[in-house]
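Some notes on the structure that comes next.
Residue numbers (UniProt numbering): 1 to 263.
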């Protein structure tokens, strides 16, 4: 039989450690999600490898001979595409599938803070996207015989980009009906590959689409990753970091509010 110890002032100790309880719940949910996704990890890595290879080689087929500048753009864009695709496509599809099969609703019946659910899910999807960063960079370097100029902050930036993409995908997965969220995630694949300045300069896009990308986080994500991989050739601004941080914070807030409302 468990007991609740009291402090000198008679306040139950359990009531004074809600943060510890929340961290413990988050840890158990994180372990559960990791075990749940373990069987899908090989397939996830295969998909990420396919994205990296298709990005590096596919654009080369379309544009013909690739100049050294274009090759570096493609090589630094491939890791970004894999990170963003896992977050914007695979995360909402998995979340939507969980809602359709009922496992997401079952989890919400547990006496666990909604923030713990969100933290565990986002942690898993953020980490699952990281193999794509390595695969994309390696494929690009091998194909075009490149050497990168890594910056010390590439790891935290990669985590931020992965987290932001996962947060955005998670947010519209909990807001929209599951089928619509899954269809939208499939549409994002084509928009991401064809109309986002990740593997090519933004100047190649129409002016109105450039203006759209000034607000969206995709170009800023690509700029940060490109500068982190090839710092002596590319640069990123403080505005890029601010845009990504704002989208990350906003997406997390929307997802958390939606989960609490439905809980």
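Backbone N, C-alpha and C define an ideal beta-carbon position, used for all residues, glycine too. All figures in this text were calculated on a predicted structure; none of them were measured in a lab.
Asked, Found
"Nearest-angstrom Cα separation, counted from residue 215 out to residue 176", "22 Å"
"Of the residues 43, 46 and 75, the one placed nearest residue 58, counting alpha carbons only", "75"
"Euclidean distance between Cα positions of residue 145 and residue 97", "41 Å"
"Own chain, CB closer than 6 Å to residue 196, minus 5 neighbours either side, in chain order", "218"
"Test item: CB-CB of residue 77 and residue 198 under 7 Å", "yes"
"Opening and closing residue of the alpha helix (DSSP H) in which residue 210 lies", "207-215"
"Sufficient close CB pairs (3 or more, under 8 Å) joining the region 108-120 to the region 81-95", "no"
"DSSP beta-bridge partners of residue 149", "230"
"Straight-line gap, residue 45 to residue 132 (C-alpha atoms, nearest Å)", "7 Å"
"DSSP state of residue 161 mapped onto helix, strand, coil", "helix"
"Helix, strand or coil at residue 119 according to DSSP, with G and I counted as helix", "helix"
"Run of the alpha helix (DSSP H) containing residue 91, from where it starts to where it stops", "91-101"
"Residue 136: first and last residue of the uninterrupted alpha helix (DSSP H) it sits in", "130-144"
"Rounded separation between residue 255 and residue 67 - CA only", "43 Å"
"Beta carbon of residue 52 nearer than 7 Å to that of residue 135", "yes"
"Alpha-carbon spacing of residue 158 relative to residue 165, whole angstroms", "11 Å"
"Neighbour-count burial assignment, residue 247, 16 or more Cβ in a 10 Å radius", "buried"
"Sequence-distant residues of the same chain with beta carbon closer than 6 Å to residue 234, five excluded per side", "226 and 227"
"Reduced DSSP secondary structure (H/G/I, E/B, other) of residue 105", "helix"
"Of the listed residues 80, 39, 65 and 32, nearest to residue 139 (C-alpha basis)", "80"
"Residue 70 versus residue 250 - alpha carbon distance", "34 Å"
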